[in-house]
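Participant:
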Amino acid sequence: MANSATKLAIKLSDSDFDIFGLPCQFELDSAALSASYLRLQSQTHPDRFANSSAQEKRLAVQWATRVNEAYKRLQNPMERAIYWCELNGESPRGQQSNLPPALLMQQMEWREALEEIEGVEAVEDLLDEVGAEKKRCLTLIAQQIDGEKNAQAANGTAQALLFIDKFMIELTKKLEQLEDAS
Numbered sequence: 005m006a007n008s009a010t011k012l013a014i015k016l017s018d019s020d021f022d023i024f025g026l027p028c029q030f031e032l033d034s035a036a037l038s039a040s041y042l043r044l045q046s047q048t049h050p051d052r053f054a055n056s057s058a059q060e061k062r063l064a065v066q067w068a069t070r071v072n073e074a075y076k077r078l079q080n081p082m083e084r085a086i087y088w089c090e091l092n093g094e095s096p097r098g099q100q101s102n103l104p105p106a107l108l109m110q111q112m113e114w115r116e117a118l119e120e121i122e123g124v125e126a127v128e129d130l131l132d133e134v135g136a137e138k139k140r141c142l143t144l145i146a147q148q149i150d151g152e153k154n155a156q157a158a159n160g161t162a163q164a165l166l167f168i169d170k171f172m173i174e175l176t177k178k179l180e181q182l183e184d185a186s
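Position in the sequence shown counted from 1, then plus 4, gives you the numbering used here.
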């Protein structure tokens with residue numbers, strides 16, 4: 005693995021962005037990410053080290069795991085935004101203290117609407133509304149990260165996205181229940 009590690013010129017402790025040779029930002033070139041992933045996978049795959057020492061085999065497994073985790077994180081826009089916030093000293097998964105009052109009100113309205121929903125069409129409409137808000141938040145967080153480099157603002161938007169994703173899962177479950185009942 006020392007040979008491959010030398011070729012990689014990166015460390016297990018490097019950021020996900022550094023591992024893939026990408027700028028530390030929200031908007032990423034997905035083709036470059038995929039190409040780097042495939043290159044790293046070919047260099048670090050444990051099968052390449054089948055005849056190596058036990059230490060080299062362990063290191064190969066560590067690298068393959070690290071590369072896979074980093075790729076999965078950077079591939080997902082929300083996870084990438086959360087990761088960027090964490091690299092910049094914020095904790096979106098921590099206590100949700102940064103949410104704007106308007107979003108808190110929106111959350112309450114959505115929860116009330118979910119409690120009152122009885123039909124498939126109404127759930128689909130609410131899903132569309134929440135999906136549009138998610139899209140808006142992704143556009144906003146791209147600006148906060150890439151344009152403003154504002155980790156605190158991005159943290160609040162990431163917290164909103166976490167709520168939205170969780171709520172969309174609830175809506176999808178409700179939709180499935182209603183469809184199963186009909």
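We put the CB at the ideal spot given by N, CA and C, even for glycine. Note that this is a predicted model, so its numbers are computed, not measured.
#1: Considering only their Cβ atoms, is the gap separating A146 from C89 smaller than 9 Å?
#2: Could you tell me the distance, in whole angstroms, from the CA atom of L131 to the CA atom of C141?
#3: So the candidates are L165, K15, I149, L32; which of them puts its Cα closest to the Cα of L91?
#4: Do you know how far the Cα of W67 is from the Cα of Q47?
#5: Distance check for Q111 and E122, CA to CA, integer angstroms please.
#6: Distance, Cα to Cα, S186 vs E73?
#7: Count the other CB atoms, across all protein chains shown, that sit within 10 Å of the CB of E152; report buried if there are 16 or more and exposed otherwise.
#8: Out of K139, S40, A164, K76, which one is the CA nearest neighbour of Q99?
#9: Between the C-alpha atoms of T176 and A58, what's the straight-line distance to the nearest angstrom?
#10: Can you tell me where the alpha helix (DSSP H) holding L131 begins and where it ends?
#11: Assign D20 to one of two classes, buried (16 or more other C-beta atoms within 10 Å of its C-beta) or exposed (fewer than that).
#12: Nearest to K139 by alpha carbon, out of V124, E113, A39, L166?
#13: Which first and last residues belong to the alpha helix (DSSP H) in which F53 is found?
#14: My output table needs one value for E183: the three-state DSSP class, helix, strand or coil.
#15: Under a three-way DSSP split, which group does L107 fall into?
#16: Looking at L179: is its Cβ nearer than 9 Å to the Cβ of V124?
#17: How would you write the range of the alpha helix (DSSP H) that E90 sits in, first residue to last?
#18: Among N55, D33, L63, L118, which one has its Cα closest to the Cα of F171?
Facilitator: Considering the structure as presented:
#1: no
#2: 15 Å
#3: I149
#4: 9 Å
#5: For E122 and Q111, the gap between their C-alpha atoms comes out near 19 Å.
#6: 40 Å
#7: Result: exposed.
#8: A164
#9: 46 Å
#10: Taken as a continuous stretch (DSSP letters only), the alpha helix (DSSP H) holding L131 covers 124-146.
#11: buried
#12: L166
#13: F53 -> no alpha helix (DSSP H), and no H or E assigned at all.
#14: helix
#15: helix
#16: yes
#17: 81-91
#18: Put simply, of N55, D33, L63, L118 the residue whose alpha carbon is nearest the alpha carbon of F171 is L118.
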